[in-house]
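Read left to right, the sequence shown gives residues 29 to 642 (my numbering).
Even glycine gets a Cβ: it sits at the ideal position worked out from N, Cα and C.
This report refers to the structure that appears directly beneath it.
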Amino acid sequence: MSLSVLDIGIIIGYVIAILFLGFYIARKASKDLQSYFLGGNKMKWYMLGLSNASGMFDISGTMWTVSILFIYGLKSAFIPWLWPVWNQVFVFVYLAIWMRRSNVMTGAQWITFRFGDGNGARLSHIIIVIFAIVSVIGFIAYFFEGIGKFSTSILPWDLSFQIGSFHLSSERSYALILCIMTTLYTIKGGMYSVVATEVMQFIIMTISCLVIGYIAYTSVTAEQINAAIPAGWKDLSFGWDLGLDWSGTPFPGVDSKIASDGFGLFGILLMMMLFKGIFASIAGPVPSYDMQRVLSTRTPGDAAKMSFTTIWVMYIPRYLMVAAFAVLALVYMQTELNQQGGNIDFEKIAPLAIAKFVPAGFKGLLLAGLLASFMGTFAAFVNAAPAYVVNDIYKKYINTNASDAKYIRISVISSLVLVMVGIMFGFMGASLNKLTLWITSALYGGYAASNFLKWLWWRFTGYGYFYGMLFGLIGSTIKLFFFPEIVDIYVFPIILAFSFAGCIIGTYVSPLVNREAVKAFYKQTNPWGFWGPIKKEVMAEDPTFKPNGEFKRDMFNILIGIIWQMAQVVIPIYFMIRENWQMLGWTIIFIATTWILKKNWWNHLGKADEKYKQ
Numbered sequence: 029m030s031l032s033v034l035d036i037g038i039i040i041g042y043v044i045a046i047l048f049l050g051f052y053i054a055r056k057a058s059k060d061l062q063s064y065f066l067g068g069n070k071m072k073w074y075m076l077g078l079s080n081a082s083g084m085f086d087i088s089g090t091m092w093t094v095s096i097l098f099i100y101g102l103k104s105a106f107i108p109w110l111w112p113v114w115n116q117v118f119v120f121v122y123l124a125i126w127m128r129r130s131n132v133m134t135g136a137q138w139i140t141f142r143f144g145d146g147n148g149a150r151l152s153h154i155i156i157v158i159f160a161i162v163s164v165i166g167f168i169a170y171f172f173e174g175i176g177k178f179s180t181s182i183l184p185w186d187l188s189f190q191i192g193s194f195h196l197s198s199e200r201s202y203a204l205i206l207c208i209m210t211t212l213y214t215i216k217g218g219m220y221s222v223v224a225t226e227v228m229q230f231i232i233m234t235i236s237c238l239v240i241g242y243i244a245y246t247s248v249t250a251e252q253i254n255a256a257i258p259a260g261w262k263d264l265s266f267g268w269d270l271g272l273d274w275s276g277t278p279f280p281g282v283d284s285k286i287a288s289d290g291f292g293l294f295g296i297l298l299m300m301m302l303f304k305g306i307f308a309s310i311a312g313p314v315p316s317y318d319m320q321r322v323l324s325t326r327t328p329g330d331a332a333k334m335s336f337t338t339i340w341v342m343y344i345p346r347y348l349m350v351a352a353f354a355v356l357a358l359v360y361m362q363t364e365l366n367q368q369g370g371n372i373d374f375e376k377i378a379p380l381a382i383a384k385f386v387p388a389g390f391k392g393l394l395l396a397g398l399l400a401s402f403m404g405t406f407a408a409f410v411n412a413a414p415a416y417v418v419n420d421i422y423k424k425y426i427n428t429n430a431s432d433a434k435y436i437r438i439s440v441i442s443s444l445v446l447v448m449v450g451i452m453f454g455f456m457g458a459s460l461n462k463l464t465l466w467i468t469s470a471l472y473g474g475y476a477a478s479n480f481l482k483w484l485w486w487r488f489t490g491y492g493y494f495y496g497m498l499f500g501l502i503g504s505t506i507k508l509f510f511f512p513e514i515v516d517i518y519v520f521p522i523i524l525a526f527s528f529a530g531c532i533i534g535t536y537v538s539p540l541v542n543r544e545a546v547k548a549f550y551k552q553t554n555p556w557g558f559w560g561p562i563k564k565e566v567m568a569e570d571p572t573f574k575p576n577g578e579f580k581r582d583m584f585n586i587l588i589g590i591i592w593q594m595a596q597v598v599i600p601i602y603f604m605i606r607e608n609w610q611m612l613g614w615t616i617i618f619i620a621t622t623w624i625l626k627k628n629w630w631n632h633l634g635k636a637d638e639k640y641k642q
């Protein structure tokens, strides 16, 4: 890609500004671990919400989302349910409140809060630390793969070199430079640097979305889009089969991509995503940057507002950009994509569109924004993982009385080691799509069972949690190395069942030894679920205790929240493809669901803070 002097100046200026801001803010992080990892629980919920939105606005995910919209049309709005994306709705409706009531620093420390002491609790604590580290390494590899592809498509310099038999491609060189640079300001300033830089990055990213949206909307017409897509591409509805045939379009090679993804039986795929989504969502967020933001808020009500803000500010601008890239590629990039023959790299659509359509000046801003999205997400993971190494391994088991300065030094070292290991895995990554599907389906399949039961079942023990997680990790690892050709979402029920078996076996190998710890957890967190015997004992000891009776209201708000979230996905897509009546209908749905959430959820958050203060 050719860049003007102005574009290069904007990109270099952005990099200098973000490094300066990260290092300047770092002074606040050096006080203690609470300040370093959680910002001292003093940051505003809306700042954390913007930061969390920036962390989820990653370039790898954006490139993947552009590719699935190009291939699957409006039906692609369902494919991110693989994560599932609506787990964020479960978080803001009630899980963020439950998590924040714990007053802990990490997800692993939360496990000790849930199960108490004892061998089972210690084993469950260790296994969640292992899972946190494995998942962060997986995501670092995922980001490394994505930023390398993106950088070589947009930046003009060839950074490949060879020393003897060792060859480093330009793609890998760019990825290394950006990962190292982001790691430096993250380990220097901890959560303060991450939040401050991510808020700045989110502002740049939002402006970039509006710029590319304007360019695409004024460059294509509805007739041009219709000429490039197959029948059914604009339809959100579907049957058992996907129902898309690209053979009569300018992109006949897309049919082979659909076949290789294994998404042809779309109705079955959606059923699998719903099945997975319910378990994965009730399980709660994995121990990474999302949970770290929840634990960083000042109160449980603020935690819920932060999680709500993440969706509210991110989805419409992000999908405006995604739709813009997709329609530009459909209309104007037929030659470039078809030249790749049967091996079209759909994940490069976004950078190729920038190179071809964005004018000088705006190109530098847009590229700075996309680099910002990568750096924000990468920084969030780099900040989250060391908290487990330092707080849950070193401080808990090795050196309990070290100074805060030493703990922070250990955090810096662990950050560097984890980034290096993640980059090594990134060198071995095959594609964003394969990494995405493994992380979302197989790896998380091992996480869902134990973390589903920890919220809802009084009898569930530390041994049950440990064996459920262990069986799940074994199952997902077997899938990754021995059955890579099978679509990951289709093996999710097998891994989930395997993990549930570990939960039940582990729970009943010993009696409930930490009953008092379970009662303390139930009283402080106050979840709904199957807590009968514990609830009776807590109420007998404290007649003023009021059990959680909000299950039906929470489930109703989740249903409304999923519709609310889906509206923010499809509105900018319908806008970009000129389906104005559909856009109007979903805009009305968005307004109505926002009003319902305001009345039936937001207005009730004060009660969560009242209980917390008590």
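Go to Asp582, then tell me how far its alpha helix (DSSP H) extends in each direction, as first and last residue.
Phe579 to Met604
Quick check: what's the CA-CA separation for Gln137 versus Thr428?
14 Å
By DSSP, does Phe558 sit in helix, in strand, or in coil?
strand
Any idea what DSSP makes of Trp111, helix, strand or coil?
coil
When you compare the segment 240 to 253 with the segment 349 to 364, are there three or more beta-carbon pairs, one atom per stretch, that lie closer than 8 Å?
yes
Are Ala548 and Gly148 touching if we call contact CB-CB under 9 Å?
no
Nearest CA to the CA of Gly416: which residue from Ser478, Ile562 and Thr140?
Residue identity differs from the one stated: residue 416 is Tyr in this sequence, not Gly. Checking every option, the nearest Cα to that of Tyr416 belongs to Thr140.
Phe189 in three-state terms, based on DSSP
strand
Which of helix, strand or coil DSSP assigns to Trp92:
helix
Minimum C-alpha distance to Phe98 - residue among Pro539, Phe528, Gly281 and Trp630:
Gly281
Taking 9 Å as the threshold (C-beta atoms), are Tyr343 and Gln593 in contact?
yes
Can you tell me which of Met497, Leu47 and Asp330 puts its alpha carbon nearest to the alpha carbon of Ile158?
Met497
Let me confirm a value: Leu460 is counted as buried when at least 16 other C-beta atoms fall within 10 Å, else exposed. Which label applies?
Since pLDDT at Leu460 reaches only 46, below the 50 mark, its modelled position is unreliable, and the value read off the structure follows with that caveat. Classification of Leu460: buried, given that the 10 Å Cβ count is 16 or more.
Grab the span of the alpha helix (DSSP H) containing Phe385 for me, first residue to last.
Ile377 to Phe385
Any chance you could list the alpha helix (DSSP H) runs of at least 4 consecutive residues sitting entirely within the segment 480 to 548, in chain order?
490 to 510 and 516 to 536
Between Val33, Ala331, Tyr493 and Thr553, which lies nearest to Leu78 when the distance is taken from Cα to Cα?
Ala331
Taking only runs of the alpha helix (DSSP H) that begin and end inside the segment 118 to 168, which ones reach a length of at least 4 residues, in chain order?
124 to 128 and 135 to 143
Does DSSP put Leu196 in a helix, in a strand, or in coil?
strand
Roughly how many angstroms lie between the CA atoms of Leu196 and Asp186, to the nearest whole one?
11 Å
Quick check on the burial criterion: 16 or more other C-beta atoms within 10 angstroms. Buried or exposed for Ala476?
buried
Asn585 beta carbon less than 9 Å from that of Trp623
no
Inter-residue CB distance, Ile286 and Leu272 (contact presumed, cutoff 8 Å)
7 Å
Whole-angstrom distance between Phe579 and Ile23, CA atom to CA atom:
The first residue shown for the chain is 29 and the last is 642, placing residue 23 beyond what the model contains.
Spatial distance of Glu199 from Asp35 (CA atoms)
20 Å
So Tyr435 and Val447 are supposed to be a Cβ contact under 8 Å. How far apart are they, rounded?
With 8 Å as the limit, Tyr435 and Val447 do not qualify as a contact, their Cβ atoms being about 19 Å apart.
Spatial neighbours of Phe48 within its chain, please: C-beta separation below 8 Å, excluding the five flanking residues on both sides.
none
Neighbourhood of Tyr491 by C-beta, 8 Å cutoff - its chain only, sequence neighbours within 5 removed
Asn147, Gly148, Leu151, Ser152, Gly534, Thr535, Val537 and Ser538
Is the beta carbon of Val355 closer than 9 Å to that of Val248?
yes
Please report the residue range of the alpha helix (DSSP H) in which Trp623 lies.
Asn608 to Asn628
Using only alpha-carbon positions, find the residue among Thr210, Phe528, Ser431 and Asp269 that is nearest to Gly307.
It should be noted that the sequence gives Phe, not Gly, for residue 307. Nearest of Thr210, Phe528, Ser431 and Asp269 to Phe307, Cα basis: Phe528.
C-alpha distance - Phe509 paired with Leu123, whole-angstrom precision
34 Å
Tell me which residues share the same chain as Gln362 and place their Cβ nearer than 8 Å to its Cβ, disregarding the 5 neighbours each side in the sequence.
Ala256, Pro278 and Phe279
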